[in-house]
Amino acid sequence: MELDNHAEDLASDLGIDKEEVKADLQNLVEYSVPIDEAKQSLRRKYGDGSSGGSNTPSSKEIAEITTDDSNVTVTGVVLTTGKRSIRYQGDDHVIVEGRLADETGTIDYTAWEDFGLSAGDTITAGNASVREWDGEPELNLGESTSLSFDTDSLTVPYETGGDAQLADLQTGDRAVNVEVAVVDCERRTIDGRDGETEILSGVFGDESGRLPFTNWDPAPEIEEGSTVRIENAYVQEFRGVPEVNVSEFSTVTTLERAVDVGVETTTMDVGAAVATGGIYDVEVVGNVLAVREGSGLIQRCPECYRVIQKGQCRTHGDVDGIDDLRVKAILDDGTGAVTVVLDDELTEQVYGGTLEDALEQAREAMDQEVVADTIREHIVGLEYRVRGHLSVDEYGANLDAESFEESEDEPTVRASAFLEEVHS
Ligand SMILES: [Zn+2]
1 MELDNHAEDL
11 ASDLGIDKEE
21 VKADLQNLVE
31 YSVPIDEAKQ
41 SLRRKYGDGS
51 SGGSNTPSSK
61 EIAEITTDDS
71 NVTVTGVVLT
81 TGKRSIRYQG
91 DDHVIVEGRL
101 ADETGTIDYT
111 AWEDFGLSAG
121 DTITAGNASV
131 REWDGEPELN
141 LGESTSLSFD
151 TDSLTVPYET
161 GGDAQLADLQ
171 TGDRAVNVEV
181 AVVDCERRTI
191 DGRDGETEIL
201 SGVFGDESGR
211 LPFTNWDPAP
221 EIEEGSTVRI
231 ENAYVQEFRG
241 VPEVNVSEFS
251 TVTTLERAVD
261 VGVETTTMDV
271 GAAVATGGIY
281 DVEVVGNVLA
291 VREGSGLIQR
301 CPECYRVIQK
311 GQCRTHGDVD
321 GIDDLRVKAI
331 LDDGTGAVTV
341 VLDDELTEQV
351 YGGTLEDALE
361 QAREAMDQEV
371 VADTIREHIV
381 GLEYRVRGHL
391 SVDEYGANLD
401 AESFEESEDE
411 PTVRASAFLE
421 EVHS
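The UniProt record's numbering puts the first residue of the sequence shown at 1, with every later residue one more than the last.
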């Protein structure tokens with residue numbers, strides 16, 4: 001759903017001006033507050049009593065809590081705690097997030113007050129409000145929550161602390177600890193909430209795989225080639241794939257040991273890969289069904305680098321386009337389909353020529369579509385093994401290719417190998 005629609009929803013629920021709500025919403029979302037959480041905050045700000053609940057909350061075991069509950073009293077062990085800063089009503093606000101467990105299950109929580117929670121504490125949270133996040137119930141610990149630390153500690157069948165492998169991390173995970181090698185790292189200047197600020201971004205790797213990261217408060221320990229232990233990181237979606245966020249509240253320490261970065265890429269069916277909702281570094285094998293429009297020789301806006309049509313950029317108007325090559329190909333393996341996007345280098349490979357060659361061919365034919373046609377002739381109908389980063393959004397599934405190779409095991413080869421096996 002667009003921000004506009006969310007704002008409209010809220011405005012009509014709360015009976016207030018849409019533009020005002022939209023500005024608040026935009027602010028929260030820009031600072032990486034998940035949309036559901038942002039809406040919940042605004043409901044509180046504008047006084048929607050629905051999560052307040054005046055009934056005395058009942059004591060519940062964690063497995064019994066559902067999204068239909070408004071307020072509950074829970075006793076459990078704090079498995080993880082992580083701090084994160086968000087901007088709320090114009091002020092920076094530190095919230096504590098993590099997971100709570102009892103004998104029956106686990107539940108994520110957000111604490112809006114600093115209750116001094118530590119992993120391993122057994123607590124009773126009286127009058128904790130329940131909200132829905134991604135279809136699951138979550139606990140909100142705030143002003144109206146009475147929180148006590150229990151001296152009798154509860155034994156739960158879950159490990160405390162948030163140690164995790166990169167391959168297991170999912171968007172929305174909080175307070176995670178990882179031990180990683182910094183595979184790739186660059187320093188960038190961005191327009192942050194307080195003007196220009198420097199951040200680090202790149203790729204982490206461990207035995208299980210690789211994931212992109214952003215370090216909002218550059219830690220000197222994080223540099224290309226180093227190995228580090230990071231405590232209290234959180235995972236957020238960026239451009240459709242999970243990303244490790246290292247904040248000012250994260251602890252970064254240099255590791256003495258080496259971390260082997262798993263080179264094994266996960267190979268998946270297209271259908272299963274799309275179902276993950278976005279995955280960094282995945283390999284699929286399928287047939288190219290078609291080369292989409294906007295492939296071959298294209299022009300980009302010199303300002304924003306987006307693809308332009310007939311010299312017109314949607315943002316910058318009449319511009320002198322930059323020539324470029326790209327391919328958007330539909331790849332299908334029977335379980336699903338993705339649009340594979342090839343950059344200029346990979347496009348040159350499948351085209352069998354350079355950008356200069358493509359311009360020459362277009363000039364001779366007096367039609368730049370001939371370049372896409374040539375690429376079509378080269379790849380449509382063949383099977384390819386594609387490795388890259390998959391993002392999934394409302395417009396579909398895009399696989400940004402890092403490698404694009406004709407599959408070696410052609411169906412006929414597989415068939416004869418199978419026959420050989422049968423006959424031997
Ligand atoms: Zn532009």
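Beta carbons: idealized from backbone N, C-alpha and C, even for Gly. Keep in mind it's a predicted model, so treat the numbers as computed, not measured.
- In the three-state scheme derived from DSSP, where H, G and I count as helix and E and B as strand, T347 is classed as helix.
- When DSSP states are grouped into helix, strand and coil, E64 belongs to the helix group.
- Nearest to P137 by alpha-carbon distance, out of T145, A128, S144 and I308, is A128.
- Excluding five sequence positions before and after A11, the CB atoms of its chain that fall closer than 6 Å to its own CB belong to K18 and V21, given in chain order.
- If you compare the alpha carbons of G311, L166, C304 and G334 with that of I279, the shortest gap goes to L166.
- W112 and D36 have their C-alpha atoms roughly 16 Å apart.
- Take L154, set aside five residues on each side of it, and the residues of its chain with a beta-carbon closer than 8 Å to its own are T75, G76, V77, D102, E103 and T122, in chain order.
- Within 8 Å of the C-beta of I298 there is not a single heavy atom belonging to ligand 1.
- According to the DSSP secondary-structure assignment, L399 is paired through a beta bridge with V340 and L390.
- Each of C301, E303, C304, C313, T315 and H316 has a C-beta closer than 5 Å to some heavy atom of ligand 1; these make up the full list, in chain order.
- CA-to-CA, the gap between R239 and D150 works out to about 43 Å.
- Here DSSP, grouped into helix, strand and coil, assigns I199 to strand.
- If you draw a straight line from the Cα of S118 to the Cα of A233, it is about 16 Å long.
- With a beta-carbon spacing of about 5 Å, A397 and V274 fall inside the 8 Å limit used to define contacts.
- Ranked by how close their Cα comes to the Cα of E186, the residues H316, G205, D324 and N215 have N215 in first place.
- The C-alpha of I65 lies about 26 Å from the C-alpha of D9.
- M366 is classed as exposed because its beta carbon has fewer than 16 other beta carbons within 10 Å across all chains shown.
- For V156, no alpha helix (DSSP H) segment is defined, and its DSSP state is neither H nor E.
- Cβ-Cβ distances below 6 Å link G126 to T73 and S146 in the same chain, with the five nearest sequence neighbours on each side left out; the list follows chain order.
- By the 16-neighbour rule on beta-carbons within 10 angstroms, Y305 is exposed.
- According to DSSP, residue pairing for H93 in a beta bridge involves I86.
- Membership of G271 in the alpha helix (DSSP H) is indicated by the continuous run V270 to A275.
- For the pair L346 and V338, the CB atoms are not nearer than the 9 Å cut-off.
- By the Cβ test, the region 264 to 271 is not in contact with the region 310 to 318, since fewer than three Cβ pairs between them sit closer than 8 Å.
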